[in-house]
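Q: Take 0 as the starting number for the sequence shown in numbering that gives the first Met the number 0 and just add one per residue.
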Amino acid sequence: MVRVPFRAAADRVRHRLSQLVRPASRSRTAAPKASRATDRTGATGPAGPKAPRPAVPGDLAAPARSSWLRALGMLAVVVLGAWLGLLAVGSIRTPVGPMDTNMTLRPSLTGGSKINVAPLGALELDSHIAPLRLDVDVDRLDPERSQALVDQPERFSGLQDEVTRDVAAGTRELAVRSCVAVISGATALGLVVYRRPRRALAAGGLALTLLAASGVSAYATWNPKSVLEPKFSGLLSSAPSLVGDARSIVTEFDMYQQELARLVTNVTKLYDATSTLPVYQPDPGTIRALHVSDIHLNPAAWHIIASLVEQYEIDVIIDSGDTMDHGSAAENGFLDPIRDLGAPYVWVRGNHDSTVTQDYLEKFRNVRVLDDGKAVDVGGLRIAGTGDASFTPDRTGPGGNKAAAQLEGARLATALRDQERAGTPVDIAVAHDPNTARATDGTVPLVLSGHLHRRINEQLKLGTRLKVEGSTGGGGLRAVQNEKPEKVHASVLYLDRSTRRLQAWDEITLGGLGLTTAEVSRHLPEENLKKDSPGSPSPSPSSASSSPSATRSPGRPTPSP
0 MVRVPFRAAA
10 DRVRHRLSQL
20 VRPASRSRTA
30 APKASRATDR
40 TGATGPAGPK
50 APRPAVPGDL
60 AAPARSSWLR
70 ALGMLAVVVL
80 GAWLGLLAVG
90 SIRTPVGPMD
100 TNMTLRPSLT
110 GGSKINVAPL
120 GALELDSHIA
130 PLRLDVDVDR
140 LDPERSQALV
150 DQPERFSGLQ
160 DEVTRDVAAG
170 TRELAVRSCV
180 AVISGATALG
190 LVVYRRPRRA
200 LAAGGLALTL
210 LAASGVSAYA
220 TWNPKSVLEP
230 KFSGLLSSAP
240 SLVGDARSIV
250 TEFDMYQQEL
260 ARLVTNVTKL
270 YDATSTLPVY
280 QPDPGTIRAL
290 HVSDIHLNPA
300 AWHIIASLVE
310 QYEIDVIIDS
320 GDTMDHGSAA
330 ENGFLDPIRD
340 LGAPYVWVRG
350 NHDSTVTQDY
360 LEKFRNVRVL
370 DDGKAVDVGG
380 LRIAGTGDAS
390 FTPDRTGPGG
400 NKAAAQLEGA
410 RLATALRDQE
420 RAGTPVDIAV
430 AHDPNTARAT
440 DGTVPLVLSG
450 HLHRRINEQL
460 KLGTRLKVEG
470 STGGGGLRAV
480 QNEKPEKVHA
490 SVLYLDRSTR
500 RLQAWDEITL
510 GGLGLTTAEV
520 SRHLPEENLK
530 KDSPGSPSPS
540 PSSASSSPSA
550 TRSPGRPTPS
560 P
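As structure tokens, then:
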């Protein structure tokens, strides 16, 4: 009977796989056959001399190559089987405080933890470095448990211990479930591929070893302070109060379990508020400055700035230049919305802004134009700045003249020293070009700039912190020329009212033209993180939980630009 073509192809594939998977068994069976074949020829007998075997090039490399192939094949089976096992049964459903959650371990190249709070968004933490990521999906708020918290507010003080117990119990159960999942998945797939129980059990054991190694890596790199610098997405991006105000961050957040309880508390309030989120209550001891830059004639920027001023209750807006595109008098009408932003506006000239632009802005009652090291007191801060040394709106002039920018920076640094000698030290310096800003190192605690359309945060050698903001106008009208839309950047700076030093900042990133994404990231200066070390004094958990500042009100969603 003629063999069907498909059956012949299947036989050939099966033969190839058997050669890759079981090369050792093939070599063991080949040797006796060769011996028997030699006996049949009569060339040599059992006791007769054997003819020398000619050397074959590459013969020594073949066993090593086959060993590597076997090892890679086993590793592929283990990883794939463990992953399938985690997908199938590697998750648990467990209550955490008033919420029902799903905890899952997922393979990941970067590690970390992600808390999904549907439909509000997600919270990402760089909690550990390991090939596993912890996903926590908040399914729903239990009506009875949440109502008990609303009816009995005093129970919030005990919520910390309850959440800690729930998370610990859920983590233990998840660890056991994950071990069973990876062993079962790798063993089952090993049995299907190798069809040998011993090989299948070896695959299961190797999977357990890899999981244990991943757990050790996660434990060794565990970073409880990652919760101090979370990354929000979705509606949660408009609720920065989930991690508290600047002063609270520095003085209270030193233990992960305390912060986790506060997160759960505030998420509970978010759910309880349904469609209306409570008003964000700022810390009265914090000065809030909004840093914007490089608007480049994008009218949408004014709507974004106005909503941020209202959302964060901004005390002063600082614009580090390039508000215009060509600096012509015809563009001046674009600046009129500044009058109605609801906060004082401090501005320095960029290389796309002209003296015509500067003269027009000086007529606005709420605008403070800074140039030649001029200093002003506004919003509780003393701010000094200078305009850009070059005017290059068409990018054909001597733009990017580093020497001119540094010379302008030296003049600004001299003005800052004069202010300090006069007993009126400057809190923040502003310059458009980062080269100008760097020249002020050692004369001011904080210097702001723009120009690069990307963010930079750098501690300079003499102690000044340089913060370069991205484009609040998303690159302006020229952004449509780019292959991809440029995102919109702005930052909220939190400064202590008594020392006027930077305590924390929120980096706000909105999708550019045609995009609708929103993200807020909280950051702290390195010196504040050191103050938060376990050895530094901090309030006891009980006092922190029962104080009025321990329960924060979530923020209102930022109006769409």
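Ideal Cβ placement from N, Cα and C applies to all residues, glycine included.
#1: Taking 8 Å as the cut-off, does the stretch 184 to 194 touch the stretch 93 to 100 (at least 3 CB pairs, one atom from each stretch)?
#2: Is N565 helix, strand or coil by DSSP?
#3: Compute the Euclidean distance between the alpha carbons of R105 and L173, then round it to the nearest angstrom.
#4: Given a threshold of 16 other Cβ atoms within 10 Å of its Cβ, counted over all protein chains shown, does A328 qualify as buried or as exposed?
#5: Would the beta-carbon of S225 fall within 7 Å of that of S126?
#6: Determine the closest residue to D324 out of D293, R496, T508 and V345, with distance taken between C-alpha atoms.
#7: What is the C-beta distance between S497 and V429, in whole angstroms, given that I count them as a contact (C-beta under 8 Å)?
#8: Buried or exposed for I455, please, with buried defined as at least 16 other CB atoms from any protein chain shown within 10 angstroms of its CB.
#9: Going by C-alpha distance, which of Q357, L133 and L411 is nearest L108?
#10: Quick check on the burial criterion: 16 or more other C-beta atoms within 10 angstroms. Buried or exposed for K460?
#11: Using 8 Å as the Cβ pair cut-off and three pairs as the minimum, do the stretch 301 to 308 and the stretch 365 to 380 touch?
#12: DSSP three-state call for V315: helix, strand or coil?
#13: Using only the alpha-carbon positions, how far apart do P392 and F333 sit?
#14: Would the C-beta of G111 count as close to the ligand GDP, meaning under 6 Å from any of its heavy atoms?
#15: Pull up the distance between the alpha-carbon of G510 and that of V487, whole angstroms please.
#16: Please report how far the alpha carbon of K230 lies from the alpha carbon of Q502, in whole angstroms.
#17: Quick one: residues in its chain with C-beta nearer than 7 Å to the C-beta of R500, no 5 flanking neighbours on either side, listed in chain order?
#18: Compute the Euclidean distance between the alpha carbons of A300 and T471, then round it to the nearest angstrom.
#19: DSSP three-state call for E518: helix, strand or coil?
#20: With 7 Å set as the bound, which would you pick, yes or no: does the beta-carbon of L369 sit closer than that to a beta-carbon of chain B?
#21: Taking the CB atoms as reference points, tell me whether L451 and K466 lie closer together than 7 Å.
#22: Do the stretch 401 to 412 and the stretch 373 to 381 meet, that is, are 3 or more Cβ pairs less than 8 Å apart?
#23: Can you tell me which residues form a DSSP beta bridge with H488?
#24: Which ranges would you report for the alpha helix (DSSP H) in the stretch 359 to 436 if only whole runs of at least 4 residues count?
#25: Would you mind reading off the limits of the alpha helix (DSSP H) that contains R197?
#26: For A87, count neighbouring Cβ atoms within 10 angstroms of its own Cβ and tell me buried if that reaches 16, exposed if not.
#27: With A81 and V181 assumed to form a contact (beta carbons below 8 Å), what rounded beta-carbon distance in angstroms separates them?
#28: Helix, strand or coil for A23? Go by DSSP, reduced to three states.
#29: Who are K466's beta bridge partners in DSSP?
#30: Going by the CB atoms, is the gap between G326 and D352 shorter than 7 Å?
#31: Tell me which residue opens and which closes the beta strand (DSSP E) that R338 is part of.
#32: The beta strand (DSSP E) with I91 in it runs from where to where?
#33: Measure the C-alpha to C-alpha separation of P343 and C178 and round it to an integer number of angstroms.
#34: Hey, how far is the Cα of L210 from the Cα of R521?
#35: Assuming R410 and T442 make a contact with CB atoms under 8 Å, what is their CB distance in whole Å?
#36: Bridge partners for Y344 per DSSP, in chain order?
A: Short version:
#1: no
#2: No information on residue 565 is available, as it lies outside the stretch 0 to 560 that the chain covers here.
#3: 12 Å
#4: With fewer than 16 other Cβ atoms from the protein chains shown falling within 10 Å of its own Cβ, A328 counts as exposed.
#5: yes
#6: D293
#7: The pair is not a contact, with the Cβ atoms about 22 Å apart (cut-off 8 Å).
#8: Its Cβ having fewer than 16 others within 10 Å, I455 is exposed.
#9: Nearest C-alpha to L108: L133.
#10: exposed
#11: Between the stretch 301 to 308 and the stretch 365 to 380 there are fewer than three inter-stretch CB-CB distances shorter than 8 Å, so the stretches are not counted as touching.
#12: strand
#13: 16 Å
#14: What this structure holds is no ligand at all, so the ligand GDP is not there to describe.
#15: Between G510 and V487, the C-alpha separation is close to 6 Å.
#16: The straight-line gap from Cα to Cα measures roughly 18 Å.
#17: These residues qualify, in order along the chain: P444 and L494.
#18: 6 Å
#19: strand
#20: Absent here is chain B; the protein component of the structure consists of one chain.
#21: no
#22: Contact between the stretch 401 to 412 and the stretch 373 to 381 is absent, with fewer than three C-beta pairs closer than 8 Å.
#23: T508
#24: 401 to 420
#25: That run of the alpha helix (DSSP H) goes P196 to A219.
#26: exposed
#27: 4 Å
#28: Caution is warranted here: a pLDDT of 44 is assigned to A23, below 50, making its placement in the model unreliable, and the coordinate value is therefore given only provisionally. Three-state result, A23: helix.
#29: L447 and N456
#30: yes
#31: Where R338 is concerned, there is no enclosing beta strand (DSSP E), given that its DSSP letter is neither H nor E.
#32: S90 to V95
#33: 59 Å
#34: 32 Å
#35: Not a contact, Cβ separation roughly 12 Å.
#36: I316 and V366
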